[in-house]
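Note sheet for the following structure.
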Amino acid sequence: MKEESYDVAIIGGGPAGLTAAIYLGRAKLNSIVLEKAVPGGNAAITDMIENYPGFPDGISGRELSERMRVQAEKFGTKFKILHEVISVDLKGDIKKIKTSNEEINASALIIATGTEWAKLNVPGEEKLTGKGVSYCATCDGPFFKDRTIAVIGGGDSAVDEANYLTRFGKKVIIIHRRDRLRAAKIIQDRAFANPKIDFRFSTIVTEIIGDEFVKALRLRNLNTEEEEILEVEGVFVFVGNYPSTSFLKGQIEMDEAGYIITNERMEASVKGVFACGDVRKKMLKQVVTACGEGATAAVAAQHYIEELKGEEYK
Ligand code: NAP
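Count the sequence shown with numbering that gives the first Met the number 0 and you get residues 0 to 313, in order.
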């Protein structure tokens, strides 16, 4: 297997990893970003980001991600796209990272793997994924022109994406298990004012029905226990996220949900390992906080490398 060595390896090319890549490039460290899909992570599949400072009219997640990638490459950080990390060995001074093609050795490691979309875990979901069930509105929304679409969840993602999906669907029905939404007030107000959006509160999905393609949802009202069959052609699931940390199990301190615990320098429990962005245990998961943490992790990693190399940091 091919072996390569770097000062710093960054696993994950979302906003946290890309910002770390910009800072490490400017520090002239030999760094590599390993990204299993495309740069930008979940931000890249967000239609419009309205709360990233400096863009009063908003900016598409794809464009913001692409700009960050170009900026990181400009400063010399290398990228391996479509390279999924399978395992890591964090025991020694040299951190070993295995992808399906190569082994990467790095003096420091920044973990910025973010989160993955949670599943509903109801009958029909797995079978009909890609056949009407989706976890990405920007990727799949255009396939549902003039169709009836259900969006499951009540957080920022669900309500934001429901608003976006009204560009395509003739009706978008938000199905939420509680009696009120969790999303930010501005996002909620937009949804309540949208004539194409209907709501089913205190309602859960118990089955996604369809053979070749989604035909309906079996719903249960949690107040009345009444069951309803709701005919829909698309189902977009936004019921939260879980951290992408399965490849790290047993090697680093995490909370019970698998989020990495760090100090304010983004240092994880193993020397030379840093974590930033949504994969880290923290209060606020936003692009702007991910970027701030990416910068901190990069500078902390730079200090760590300089100490290793015996250079005094000024
Ligand atoms: P989230 O905030 O965790 O919301 C998940 C939603 O799914 C909640 O409403 C939750 O219900 C519901 N849910 C969870 N498990 C469920 C289940 N098994 N069945 C049915 N419903 C279930 O996740 P998110 O909306 O993806 O947001 C993740 C983070 O990204 C948040 O920090 C958010 O602020 C951020 N984000 C921000 C923006 C923005 O600023 N524009 C956009 C997207 C995401 P309960 O409410 O009952 O718990």
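Every residue, glycine too, gets a C-beta built ideally from N, C-alpha and C.
| Query | Result |
| --- | --- |
| Bounding residues of the alpha helix (DSSP H) (the contiguous stretch that carries LEU161) | Residue 161 is actually Ala in this sequence, not Leu. 155 to 164 is the extent of the alpha helix (DSSP H) around ALA161. |
| Proximity of THR137 and GLY168 at Cβ, strictly below 8 Å | no |
| Minimum C-alpha distance to THR98 - residue among HIS82, GLU305, PHE200 | HIS82 |
| Cα-Cα separation, LEU247 to GLY13 | 18 Å |
| Any non-hydrogen atom of the ligand NAP within 7 Å of SER156 CB | yes |
| Cβ-based neighbour list, TYR51, same chain, cut-off 7 Å, excluding 5 preceding and 5 following | ILE58, LEU63, VAL286, VAL287 |
| Cβ-heavy atom distance, LEU63 to the ligand NAP, below 7 Å | no |
| Closest by C-alpha distance to LEU164, when choosing among GLY154, ARG179, ARG181, ASN193 | ASN193 |
| Other residues of its chain near ASP139: CB distance less than 7 Å, five sequence neighbours each side excluded | SER133 |
| Three-state secondary structure assigned by DSSP to LYS97 | strand |
| Cβ distance (whole Å) where TRP284 is taken to contact ILE260 below 8 Å | Checking the sequence shown, residue 284 turns out to be Lys, not Trp. Actually they are not in contact, since the Cβ atoms of LYS284 and ILE260 sit about 15 Å apart, beyond 8 Å. |
| Helix, strand or coil at ASN41 [DSSP, three-state] | helix |
| Cβ-Cβ distance between LEU119 and THR76 below 8 Å | no |
| Any non-hydrogen atom of the ligand NAP within 7 Å of ARG219 CB | no |
| Burial state of LYS94, where buried means 16 or more other Cβ atoms lie within 10 Å | buried |
| Bridge partners - ASP88, DSSP secondary structure assignment | LYS95 |
| Strand pairing of PRO122, partner residues [DSSP] | Beta-bridge pairing links PRO122 to no other residue. |
| Top-ranked residue by Cα proximity to PRO203, from GLY153, VAL213, GLU252, GLU160 | In the sequence under discussion, the amino acid at residue 203 is Ile, which differs from the Pro named in the question. The option with the nearest alpha carbon to ILE203 is GLY153. |
| beta-carbon ASP159 near the ligand NAP non-hydrogen atom, thresh 7 Å | yes |
| GLY40 beta carbon less than 8 Å from that of ILE48 | no |
| Coil, strand or helix - VAL213 by DSSP | strand |
| Proximity below 8 Å, CB of VAL121 to CB of VAL150 | no |
| Contact check, CYS275 vs ALA107, beta carbons under 8 Å | no |
| For ASN220: DSSP bridge partner residues | THR202 |
| Cβ distance (whole Å) where GLY129 is taken to contact VAL213 below 8 Å | About 10 Å separates the two Cβ atoms, so there is no contact after all. |
| Span of the beta strand (DSSP E) around PHE235 | 233 to 236 |
| From TYR303, PHE78, ASP197, VAL158, residue whose alpha carbon lies closest to that of ARG264 | TYR303 |
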